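Shown next, in structure tokens, is the structure this report addresses.
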Amino acid sequence: MPLSTESVQPIVPGAAPLTRREIMALLPQVPGWSFENGKLKRRFSFGSVGEAAAFIGQVIALGAESADHYPDICLTRYRHVDVFWYTHASGGLTRTDFVLAAKLGEIFGGRTLFG
Numbered sequence: 562m563p564l565s566t567e568s569v570q571p572i573v574p575g576a577a578p579l580t581r582r583e584i585m586a587l588l589p590q591v592p593g594w595s596f597e598n599g600k601l602k603r604r605f606s607f608g609s610v611g612e613a614a615a616f617i618g619q620v621i622a623l624g625a626e627s628a629d630h631y632p633d634i635c636l637t638r639y640r641h642v643d644v645f646w647y648t649h650a651s652g653g654l655t656r657t658d659f660v661l662a663a664k665l666g667e668i669f670g671g672r673t674l675f676g
């Protein structure tokens, strides 16, 4: 079953993060995402700052609706948005991070065409 079709599970404080082996096994299931500094990262590029800002709002809504789980988001050069998934409560990546990355990539993956 694709990660994007899985339901997002609430984060359990203190739950163990995924092992490096588990992370490497899941990474091919989230095309366009990379594993950097212990986080999942992807850059989305837009034609304007307005489009980038609207996207940021949609990313926040996705996390809020799914599991009260939010990524770190960085806007650079007014049109590039870097999204970083990481579970602070676990001190690392969890399956929830991968599921949300897959959902975000499925919905907005084509937006990288501007960059």
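The sequence shown begins at 562 in the working numbering and counts up one residue at a time. Every residue gets a Cβ at the ideal spot worked out from N, C-alpha and C, and that includes glycine. None of these values were measured; they are calculated from a predicted model.
For the ligand ZN, I want to know if Q570 counts as a neighbour, meaning its beta carbon is within less than 7 Å of at least one of the ligand's heavy atoms.
Because no ligand of any kind appears in the structure shown, any question about the ligand ZN cannot be addressed here.
Can you tell me whether D629 is buried or exposed, with buried defined as 16 or more other CB within 10 angstroms of its CB?
Locating residue 629 in the sequence shown gives position 68, where the first residue counts as 1. Exposed, by the Cβ-count rule.
Need the endpoints of the beta strand (DSSP E) that L601 sits in, please.
Here the question's residue 601 lines up with position 40 in the sequence shown. L601 -> beta strand (DSSP E) spans 600-606.
Contact under 8 Å by Cβ, F607 with R640:
On the sequence shown, position 46 is the one that residue 607 refers to. On the sequence shown, position 79 is the one that residue 640 refers to. Cβ atoms of F607 and R640: closer than 8 Å.
Can you give me the Cβ contacts of A576 inside the same chain, cut-off strictly under 6 Å, excluding the 5 residues immediately before and after it?
Within the sequence shown, numbered from 1, the residue matching residue 576 stands at position 15. For A576, where only same-chain residues beyond five positions count, the Cβ hits under 6 Å are S651.
Could you check what DSSP says for T637 in three-state terms: helix, strand or coil?
Position 76 of the sequence shown, counting from 1, holds the residue named residue 637. Reduced to three states, the DSSP call for T637 is strand.
Take the Cβ of G624 as the centre, count every other Cβ of all protein chains shown within 10 Å, and call the residue buried at 16 or more, exposed below.
For the purposes of this step, residue 624 is taken as the residue at position 63 of the sequence shown. It is buried - the Cβ of G624 has at least 16 other Cβ atoms within 10 Å.
Hey, V642 and I617 are a contact pair by Cβ (cut 8 Å); roughly how many whole angstroms apart?
Here residue 642 corresponds to residue number 81 of the sequence shown, with the count starting at 1. Here residue 617 corresponds to residue number 56 of the sequence shown, with the count starting at 1. At roughly 6 Å, the Cβ-Cβ gap stays under 8 Å, so V642 and I617 are in contact.
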